[in-house]
Every structure is written in structure tokens, then in C-alpha cells.
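Notes for the one structure printed next.
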Amino acid sequence: MIITEIKCVNFFRFYGDCTILCNPTIDRNITVVRGENGMGKTTILNAFYFCLYGDVTPPLFLSKMLNELANHELAEGNNTSAKVEISFTHKDNEYTAVRERLYKKTNGVVNQVGEESFNVFHKNPNNGNSRTIYDPDGFFEGIIPNNLRGFFFFDGERIDRLAKIDGRGEIKDAILNILGLTKLEYMKERFEELEKDLARELKKYQADSNQDLNDRYEVKESQKIKKKDELAQVKASIKLASENIERISAFLLTCNSASIQALENERIAVTDLIKRIDDDIKKFNKEIINHATRNFKHSLVSFAFNDVFTYLEGMREKGQLPSDIKEQFIDDLIMKRRCICERELIEGEAPYEAVMRKRANAGRSELDNAYIKITAYITQQKESMKRFFEQYFGIHSEIIGLEKQKDAQEKRLAEIKKDFDASKIEQVKMHENEREQLDEDLKRYYKLEGRLDADIEDITKKMERISQEIQNLEVRGAQGKAVKQWRNNVLQLGQLNTEIHTYFIDTTRINLDERIREVFDSMKEKEYRFARLTDDFVLEITNNLDDGDDKRVLSTGEGQIASLAFIASLVSYAREKTHFNLLSDFGGGDFPIVMDSPFGNLSAGHKQNVAREIGNLASQVIVVVSNEQWSASVEASMQPRINAMYMMSDGVIDDQKMGEHTIVRRQK
Amino acid sequence: VKNKQEQEQAIKNIMNKFDETTRNLYRDTLALVSKKSAHSTKTSIRGEILDIIKKEARK
Chain A
-13 MIITEIKCVN FFRFYGDCTI LCNPTIDRNI TVVRGENGMG KTTILNAFYF
37 CLYGDVTPPL FLSKMLNELA NHELAEGNNT SAKVEISFTH KDNEYTAVRE
87 RLYKKTNGVV NQVGEESFNV FHKNPNNGNS RTIYDPDGFF EGIIPNNLRG
137 FFFFDGERID RLAKIDGRGE IKDAILNILG LTKLEYMKER FEELEKDLAR
187 ELKKYQADSN QDLNDRYEVK ESQKIKKKDE LAQVKASIKL ASENIERISA
237 FLLTCNSASI QALENERIAV TDLIKRIDDD IKKFNKEIIN HATRNFKHSL
287 VSFAFNDVFT YLEGMREKGQ LPSDIKEQFI DDLIMKRRCI CERELIEGEA
337 PYEAVMRKRA NAGRSELDNA YIKITAYITQ QKESMKRFFE QYFGIHSEII
387 GLEKQKDAQE KRLAEIKKDF DASKIEQVKM HENEREQLDE DLKRYYKLEG
437 RLDADIEDIT KKMERISQEI QNLEVRGAQG KAVKQWRNNV LQLGQLNTEI
487 HTYFIDTTRI NLDERIREVF DSMKEKEYRF ARLTDDFVLE ITNNLDDGDD
537 KRVLSTGEGQ IASLAFIASL VSYAREKTHF NLLSDFGGGD FPIVMDSPFG
587 NLSAGHKQNV AREIGNLASQ VIVVVSNEQW SASVEASMQP RINAMYMMSD
637 GVIDDQKMGE HTIVRRQK
Chain B
9 VKNKQEQEQA IKNIMNKFDE TTRNLYRDTL ALVSKKSAHS TKTSIRGEIL
59 DIIKKEARK
């Protein structure tokens, strides 16, 4: 998808027709829209949301979509419209998407007339005629699905959230979507349902004595459904609570008090650090479990080894095991009928009997060998045990160290909280109370989420076992055999689907990780910083310091750069993945990135690097930027890639009460 | 980083772990799900998957 034109008509601040032409080329693929704050930068981003997905984001509301001036100018009984038209090419075809609302003034009041309309027109390349696409929503969902839009049309100041722990769900979902793995998940669900239907059918052909197996399966199944419903509710609650915390944080960051802003910034940094420490603790806990699982035999038998070793050594000290005198030596004496003390050895006499008693305790070579082997083994195992415990305590001390760090940060968090509570600003206090409750709720939800995940996994495993048992049961009649065969086919399909799903997830993560690193490297300021996508789909920034001291104090700017790197990687992956079309709702090909405020929180160095690399992020980049963020050096870096630049300015009208509006003009 | 050829080969390897019937069924089901429109219900898709399976069984 490449955007060629955006036309806003009476849409929020845009009065009349405001058109932006893009027409990117390979060399010049950036379109810049500049303006003072308040001129409608956010409206541009929302024009995409409205036209393609039918909604806008706060502070805009669809109820106020009709431009104020157009509203005032509307004569009694007349109609007007507010709309956004976006023309684009996609896979060598030309389309125009139009979403429109009609308005009429009746009795001095302007009201919307009828339903909002949404159409996508496809231009016939041969005759230039346009035809309307059936199911335009479905059509556009196949180009950029709604749940992926945040990766293509976004506010640059807010994308750093991807590089926070909470972003992992978003990242994993984006990968699933872009790869079309949601389709595999859809298939998985259908296979499970079908298997359930067939299992029910199969019951009719099985002996009554086997019905308890089916009953057990059904009980587990209903338990799983219940748990899944609960999990969905918990996830929704987590999302809601997180959004509310973000809202409160945004309020505190923009409130009039500099000290409150500083406190909130510090809280964000401390909370982030705690989350990272928690992540490391989890990593070490996992390591300790893996270590114990792999080497637990040492710890289990360690006491037995000690006992056996002590016992054997005791026997040896007592001369019982093994004796210094060898069996063969005694046999030789008996043969020679003479002892080493020169006494004659005659059967039945005392010297003979004494020598024979010695023979009973004499060390045999087999016993000798066995003793040597077992003591060598025990000594070796004692060494392994030592290493096992050394490693165990090594990891354990790392955890203790991290927990101490966490305690210190939590203390700081509590102090910050106290400072907030002491604030004289009533609204701050109110928000703080709300936030405290939300934090408590979140903790509870996360615990619940973990428990439910584990329960579902456990139930699924049990169901798989029962399902296999059911499949092995005898069935009656030809129809019964057929149903059994169909069910077996469905089980096989489910298994194949799972294997492909797992493969794609792993491969994509590895490939994206590599690309993220490359893009991040091209824009980073600190040489020793590296971005990566971990096994758990966390977008992480690490240090590669020789002293091994990994001080990760992530700045918002770095989070923003890492998030940009992720988005660019995703877009470039999408461009190359067209051969997986069969799997994906997301068809692949060229895609645009539309960024509002790309330089918002960046340092001068980062800003320069982003300006230089921004054209490489996607086939097309549309940048909406404030004059404040624009600078001569940014312009110089971007200039070679810019195909068009537009300026937004205040429309001049005689009577300001008639409503403010923005004019968009192309710069020469 | 795995290139396209490696990925395709890996998918082939996974597919080859299953018998020909399963492979055919999987391809057909994937094609069916890819073609589904916004109006396809879960029940109708399930029915169509079962039809594919029954058809394959009759071969």
C-alpha cells in the first residue's frame, strides 16, 4: 500500500478541501507536513484512522467532526458533508477510500443525516472507470488490519511504550498478525471444535462401558472453557487498568507543576527499573530450575554418597575392606604348605586354620577393582556435587543481589508516593488515590493471569491424554469407523498446525531480532547500546560493556528509537513476506509509515540520526511535525529523501467566532 | 537469520513428518480459511472443513 493523496473536507480543523499529494519515489519517499502546535497535526493522523477504520482518538471526538466554520456557514435547510478521502496503490492497483458524514441544518441546528458511509473504489487500469469494492471494511482489513494500525499510523512521542515490559503483548500480537499466524490460531480453534463434535458423534458407536472416558473429557472441556473465559476477563481488566494508569501518568506529566512532572518522570524510570529487575529475577529463577532439573540427581543422592563413602573408608581402616593380603597370596602359601613365618601349614592344625581365616578376609582382585571403581566414582560425584551447589548458590546470590536492588527501588517508589500524597494540588491527590488502587488491582490480575495460564495448560495436557485413550477405543459399525477416522484426521491436522505455528513464531522472532539490531545501530547515540527481541518477545536494550556491568538506564528517547527499529523491522519483514500469502490476512508488499511528532522526546543526537535514517524505515514515510521540532539540521538530513513538504497555517477569517480552521499549502 | 529457501525447506520438513492425507487436508483447509469472507461463520467453516475431510476419505 502506497498513499498517493489525502483529502480532508470539513474534517475537524480543515475547512473546505485540504489536499496533500504524496507520490513517493524510491529515492524520495518522505512527505513532510509541518505546522505550529494547535494547527491540526493530530488531525492528520486521525484522518487516516477515520477514513480507514472509522474512528478517531482523543482529544478528537466524532460528534465534533464537522468543521466549525463549515457548520456556521451552513444555511437553514441546506446540506454539507465532512469526509476524508485517501487514494492509494496496492499491488499495482489504484484505490480510493472515502468515509463521509452528511449534515443538515434544521431549525438552526446542524445534525448528522443518515448513517456514515464508507466506500472503497477500484480504478480499472484499462478504461479508468471505478467500481465499488464489496465489503470495504473486510477489504481494508486485508491490507492493514485494524489491530496493526498502531504500527503504521502512530504518534512518535508515545511509541516508546513498546520498549517497556508492558509492550510485550503488543509486540507478540503484531508478529502473530503480520505473519498471519492469527489464521493458524483460527484454524486451531476450528480443529478443536470439530474434534469436539466428532468425539460426541463417536460416543454413539462406543461400548457403554467406555462412556466414563468421554464424560471425563467433557468435564475437562467445560473446565477449560470456564478458565479461558476467566482469563479473557482478566486480560481485559489488565488492559483497562493499564490504560487508566497511562492516563493518570499523562496527566501528571503535563500538569502545571514542574516538581510533579519531575516526580512522575522519576516514578516512570524507577518502575521501569523494577520491572527490568523483576525480569532478571525471573530469568535467574528459570536458570535455577533448569540447573536443578538437569543436575538434581547430585543433590538427591548426595547424602547417600557421603554415607557410602564414610562406611567404606571405615571398613578399610578396620582392615576389613579390602584386606592388604590378597587371596592369591594365601593360596600360594597353602600350595607351598609353608607360611611366611616358616611354620608348616598342615590341614587341621592351628597355623593352617589361622591362615585360612586370613583367606576369608583376603582382598580379591574383583573386590579390589570394585572398591577402586566405587571410591573413584564417589569422589568424582562429590566433585560434581560441589560444582552443583557452587553453581546453585552462585545463581542464588545473583537473585539475592537483585532482590536487594529491587527493595531499594521499591523504597524509593514509596518515597515518591509520599511526595505525591503531600502535594497541595487536589487533582494530583485524587489521581494518586486512583492510581494506588489501580496498582493493587494490576498486581492481583497478574497473579490471577499466571494461575489461569498454568491451569489451562494443565487441563489441555490432561485432555490430550484422554483424547488419545478415546481414539484407541473400539467402535461399532462402518459409520463408527468412519467417524473415528475423521476424528483422527482432525487430531493430525491440529498437530501439524501447532508445529507450523511454533516454527513460524521462533523463526520470525530470530529474524526480527536481527533486523531490530541493525536499525537500532543505525540510529543509536551510545555505541555500547544494543536492542534485541528476547525469547519472551520483550524489546530490550542492553549494554555490551567489557566489564560486564550491565547498567541499563533506558531513556525515553532510546525506547522510542528501539520501538522505531521494531516497527521498521516489522514493515520490512512485511514487504518481504509476500510468499507467505496463503498464511496471512496481511498480504505483504510495500507499506507506509505515518508518524506524528517523530522527534518528540529525542535528544539532539538521536533526532539527527532519526532524520537521516527515517527514509529507510519504510517504502513510504509521511511525517507530521511541529515547527518547534523542525530544525535546519533536521531538514538538511531529510532533504534528499523529501518528495513534498506541506505547511499548515491558521486560516484568516474576519470573525474568529465563526470558528478556527487550518489551511494546508504545498511548499515550493 | 533464516532465508526464504531455508524457511520453505523447514516447512516442508514439518509437513513430511505427516502422511500424505494429512498434508493434502492441511493445504485444503488453509486455502479454505484464506478464502473465508467476513460473513463466514465459525460453524460454516467447521462444516466445510469436515466436508474436505469426508471427501478425502472417499478417495
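These protein sequence lines are chains A and B, in that order. Read in order, the letters of the first sequence correspond to residues -13 to 654 in the numbering used here. Read in order, the letters of the second sequence correspond to residues 9 to 67 in the numbering used here. In this text, a Cβ means the ideal position worked out from N, Cα and C, and glycines have one as well. Since the model is a prediction, treat every value here as computed from it, not as a measurement.
Same chain only: Cβ atoms within 6 Å of residue i, ignoring 5 sequence neighbours per side
i, result
"Asp535 of chain A", "Low per-residue confidence applies at Asp535 of chain A: pLDDT is 48, beneath 50, and the placement is therefore not dependable, though the value from the model is reported in the following sentence. Excluding residues within five positions, none has a Cβ falling inside 6 Å."
"Ser52 of chain B", "none"
"Asp405 of chain A", "Leu249"
"Phe566 of chain A", "The predicted model places Phe566 of chain A with a pLDDT of 49, which falls under 50 and marks its position as unreliable; any figure quoted below should be read in that light. Contacts found: none."
"Ala18 of chain B", "none"
"Cys(-6) of chain A", "Phe0, Cys4, Ala33, Val70"
"Gln615 of chain A", "Phe585"
Nearest residue (CA-CA) to residue i, options the options
i, options, result
"Ala551 of chain A", "A:Glu62, A:Glu59, A:Ile157, A:Tyr89", "A:Ile157"
"Tyr35 of chain A", "A:Phe140, A:Glu333, A:Asp201", "A:Phe140"
"Arg117 of chain A", "A:Val99, A:Phe137, A:Ala83", "A:Ala83"
"Lys691 of chain A", "A:Leu298, A:Met634, A:Leu331, A:Arg462", "Given that chain A is displayed from residue -13 to residue 654, the structure contains no residue 691 of chain A and the question cannot be resolved."
"Tyr632 of chain A", "A:Met449, A:Trp616, A:Ile6, A:Phe137", "A:Ile6"
"Asn57 of chain A", "A:Arg85, A:Ala560, A:Asn105, A:Asn(-4)", "A:Asn(-4)"
"Ser605 of chain A", "A:Glu273, A:His76, A:Glu335, A:Thr488", "A:His76"
"Ile161 of chain A", "A:Ala554, A:Val580, A:Ala590", "A:Ala554"
"Asn474 of chain A", "B:Leu33, B:Gln15, B:Lys67, B:Glu14", "B:Leu33"
"Thr11 of chain A", "A:Thr(-10), A:Thr296, A:Arg324", "A:Thr(-10)"
"Arg501 of chain A", "A:Tyr559, A:Phe379, A:Leu170", "A:Tyr559"
Beta-carbon gap between residue i and residue j smaller than 8 Å
i, j, result
"Leu60 of chain A", "Val96 of chain A", "yes"
"Ser583 of chain A", "Val607 of chain A", "no"
"Ile456 of chain A", "Asn200 of chain A", "yes"
"Ile445 of chain A", "Arg202 of chain A", "no"
"Thr37 of chain B", "Glu64 of chain B", "no"
"Gln192 of chain A", "Leu459 of chain A", "yes"
"Phe613 of chain A", "Gly21 of chain A", "At residue 613 of chain A the sequence reads Asn, which differs from the Phe that was named. Result yes, Cβ atoms of Asn613 of chain A and Gly21 of chain A sit closer than 8 Å."
"Ile72 of chain A", "Leu48 of chain A", "no"
"Lys312 of chain A", "Ala348 of chain A", "yes"
"Phe104 of chain A", "Arg87 of chain A", "no"
"Glu646 of chain A", "Arg176 of chain A", "no"
"Pro578 of chain A", "Ile(-12) of chain A", "yes"
"Arg503 of chain A", "Phe516 of chain A", "yes"
"Leu217 of chain A", "Leu438 of chain A", "yes"
DSSP beta-bridge partners of residue i
i, result
"Arg518 of chain A", "A:Glu526"
"Arg652 of chain A", "A:Tyr632"
"Arg117 of chain A", "A:His108"
"Lys(-5) of chain A", "Lys is not the amino acid found at residue -5 of chain A; the sequence shown has Val there. According to DSSP, Val(-5) of chain A bridges with A:Asp3, A:Lys69."
"Glu181 of chain A", "The partner list for Glu181 of chain A (beta bridge, DSSP) is empty, contrary to what the question assumes."
"Ala83 of chain A", "A:Ile72, A:Val106"
"Asp499 of chain A", "Its beta-bridge partners do not exist; DSSP assigns none."
"Phe374 of chain A", "According to DSSP, Phe374 of chain A bridges with nothing at all."
"Asp141 of chain A", "A:Asp582"
"Ile360 of chain A", "Note: Ile360 of chain A sits in no beta bridge, so no partner."
"Thr92 of chain A", "A:Val95"
"Ile(-11) of chain A", "A:Phe74"
"Gln192 of chain A", "A:Val461"
"Glu330 of chain A", "A:Arg324"
Residues near residue i by beta carbon distance below 7 Å, same chain, minus five either side
i, result
"Ile628 of chain A", "Arg14, Ile16, Val18"
"Asp441 of chain A", "Lys213"
"Lys91 of chain A", "Leu60, Ala61, Glu62, Gly63, Asn64"
"Lys62 of chain B", "none"
"Glu418 of chain A", "Phe406, Asp407"
"Met416 of chain A", "none"
"Ser48 of chain B", "none"
Close-in-space but distant-in-sequence residues of the same chain around residue i (CB under 8 Å, 5 per side omitted)
i, result
"Val539 of chain A", "With a pLDDT of 48 at Val539 of chain A, under the threshold of 50, the modelled position of that residue is not reliable, and no figure is offered here."
"Pro45 of chain A", "Thr28"
"Gly94 of chain A", "Glu62"
"Ile246 of chain A", "Leu238, Phe406, Ser409, Ile411, Val414"
"Met23 of chain B", "Arg31, Tyr34"
"Ile360 of chain A", "Val294, Leu298"
"Asn79 of chain A", "His108, Lys109, Pro111"
"Ile231 of chain A", "Arg421, Leu424, Asp425, Leu428"
Residue i: CB within 7 Å of a non-hydrogen atom of the ligand SAM
i, result
"Lys206 of chain A", "Looking for the ligand SAM in the displayed structure turns up nothing, as the structure carries no ligands at all."
Problem set entry | Every unbroken alpha helix (DSSP H) within the stretch -3 to 74 of chain A, with a cutoff of 4 residues, ordered by chain | Those alpha helix (DSSP H) runs which fall completely within the stretch -3 to 74 of chain A and span 4+ residues are 27 to 39, 54 to 59.
Exercise. Going along the chain, which unbroken runs of the alpha helix (DSSP H) with 4 or more residues stay wholly within the stretch 569 to 628 of chain A?
Worked result: Those alpha helix (DSSP H) runs which fall completely within the stretch 569 to 628 of chain A and span 4+ residues are 590 to 599, 618 to 624.
For this session: Quick one: which unbroken beta strand (DSSP E) runs of 3-plus residues sit fully inside the stretch 226 to 295 of chain A? Chain order, please.
Result: List check, beta strand (DSSP E) in window: nothing returned.
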